[in-house]
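Read the structure below first, then the notes.
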Amino acid sequence: MNNSEIILERARLANEKLRLQQEMREKAAASPLNVQILEQLKSQLEKRVDELEASNLELESKLSSCHQEGKFSDQELTSGGEEGYPPSPRRSLCTPPPSPNRRLSSPHISPGQATKLFSSLSSTKYLSLVRDNPSPDLGIDSDHGRVSNSETSDNPDKSNLFKLVEENEQLQRMLHKTRQALENTIKQLAAANRRKCQIERDICKQLHKTQHIIRKARVNIQSSENGAERGEDAENIDPLGS
């Protein structure tokens with residue numbers, strides 16, 4: 400390898416080193432930006448999850464307050480009514496028995512199953528009250544007339560309860576989707592970090608390889624220069640010997 404080839408190889412290696420350094424700087428500048436975007440998206444999704452959980456808790460508190468209001472109204476009707484009046488069926492239409500109420504708030508039963516259970520138990524309780532309290536006539540003070548009036552007055556409370564249950568179901572679906580999106584974002588963030596580490600390792604390998612080639616070229620240049628100096632010294636010594 401003559402001097403011109405060594406100089407060209409050295410220039411090529413220097414350009415390759417500059418290119419690799421520039422690429423490393425660009426990758427290092429782009430990676431924090433991608434990580435920052437993913438971090439912002441993650442924080443937004445976590446905030447959305449917190450909001451949905453708060454809304455879910457608020458709906459559950461409204462459901463429990465509706466149950467409590469139905470219980471208090473039943474107590475007032477049974478304590479303040481005339482003697483001989485049967486218990487009002489309002490409890491069966493607005494407030495389920497204690498055991499179904501506990502099942503409704505249980506995490507092992509979905510809101511849809513709780514709604515079906517509440518409807519079936521309410522219908523069973525209503526029919527049992529009507530069957531246990533028959534009336535000989537259909538006058539103004541008859542049991543059937545009072546049951547119909549109570550049923551009419553309880554329909555808004557029952558519809559509100561079903562509406563709250565549906566909103567709770569919708570919020571739970573949204574919460575599930577948001578959690579899935581958050582998990583996907585976390586996976587993407589982890590994958591981006593792994594790619595960043597792999598790129599950094601590849602760049603370090605290229606830099607080490609380039610440095611090794613440069614050191615080898617430098618040794619070759621120095622050896623060629625030393626050989627040229629020894630040749631000149633030999634030429635200077637030969638005329639004197641002759």
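Numbering (the numbering used here), first residue to last: 400 to 641.
Positions of the beta carbon are idealized from the N, C-alpha and C atoms, including for glycine.
On a predicted model such as this, the values are computed, not experimentally measured, just so you know.
Measure the C-alpha to C-alpha separation of residue i and residue j and round it to an integer number of angstroms.
i	j	result
G538	N567	At G538, the pLDDT of 44 sits below 50, so the modelled position is not reliable; the number obtained from the coordinates is stated separately. Each residue's Cα considered, the two are about 42 angstroms apart.
R594	G626	48 angstroms
C603	A410	20 angstroms
D556	L462	11 angstroms
L444	L407	55 angstroms
V448	T577	6 angstroms
L419	I405	21 angstroms
Q597	L570	40 angstroms
Q621	Q421	29 angstroms
E457	L437	30 angstroms
A453	Q587	27 angstroms
S558	M573	22 angstroms
K562	N455	13 angstroms
N402	E582	60 angstroms
S623	H607	24 angstroms
R600	H575	38 angstroms
A467	L451	Before going on, a small fix: residue 467 reads as Gln here, not Ala. Between Q467 and L451, the C-alpha separation is close to 24 angstroms.
R629	H611	27 angstroms
I'd like the list of long-range same chain contacts for residue i, defined as Cβ closer than 6 angstroms, with 5 residues on each side in sequence excluded.
i	result
L560	C465
L440	T584
Residues in the same chain with beta-carbon distance under 8 angstroms from residue i, minus the five sequence neighbours each way, listed in chain order, please.
i	result
N592	V434
A589	none
Between which residues of its own chain and residue i is the CB-CB distance below 7 angstroms, once the five residues before and five after are set aside?
i	result
Q605	L419
T609	L412, E415, K416 and L419
A580	L444
P497	Residue placement at P497 cannot be trusted, given a pLDDT of 45 that sits under 50; what the coordinates show is reported in the next sentence. No residues qualify anywhere along the chain.
M386	Since the first residue of the chain shown is 400 and the last is 641, residue 386 is not available in this structure.
Would residue i pass as an interface residue toward chain B - the criterion being a Cβ-Cβ separation below 8 angstroms?
i	result
C596	In the displayed structure, chain B is absent; only one protein chain is listed.
*Is it true that the region 615-622 meets the region 416-434, where meeting means three or more beta-carbon pairs spaced less than 8 angstroms apart?*
no
*asked:* If we require 4 or more residues per run, which alpha helix (DSSP H) segments fall completely within the region 557-613?
replied: none
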